[in-house]
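Contents: one structure, followed by commentary.
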Amino acid sequence: VAGIGKKYTPEELIGRRVVIVANLKPAKLMGVESQGMVLAAGDAEVKELVCLMSDVDPGTKVK
């Protein structure tokens, strides 16, 4: 459940190192349970995903 679905296909996201907020309280969005959020930039619509410039291990905390 994400607004990024209007800009990116699932195949385009494979291998991308994006920033995810994973400690959110589960919520129903569009009838589906969401347990996290992919960070993206944009106004009313997603313009670009927040991606890492260099290799960082999955699970590394964002500060």
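All residue numbers for the sequence shown refer to our numbering, where the first residue is -15 and numbers rise by one. Beta carbons: idealized from backbone N, C-alpha and C, even for Gly.
{"Item": "In terms of alpha-carbon separation, which member of Pro42, Val22 and Lys31 lies closest to Lys(-9)?", "Value": "Lys31"}
{"Item": "In chain order, what residues of the same chain have a beta carbon less than 8 Å from the beta carbon of Ala24, not counting five sequence neighbours either side?", "Value": "Gly(-13), Ile(-12), Val30, Lys31, Glu32, Leu33 and Val34"}
{"Item": "By DSSP's criteria, Leu33 is part of a beta bridge. Which residues make up the other side?", "Value": "Ala24"}
{"Item": "Please tell me whether Gly26 and Leu8 are closer than 8 Å, where the distance is taken between their beta carbons.", "Value": "no"}
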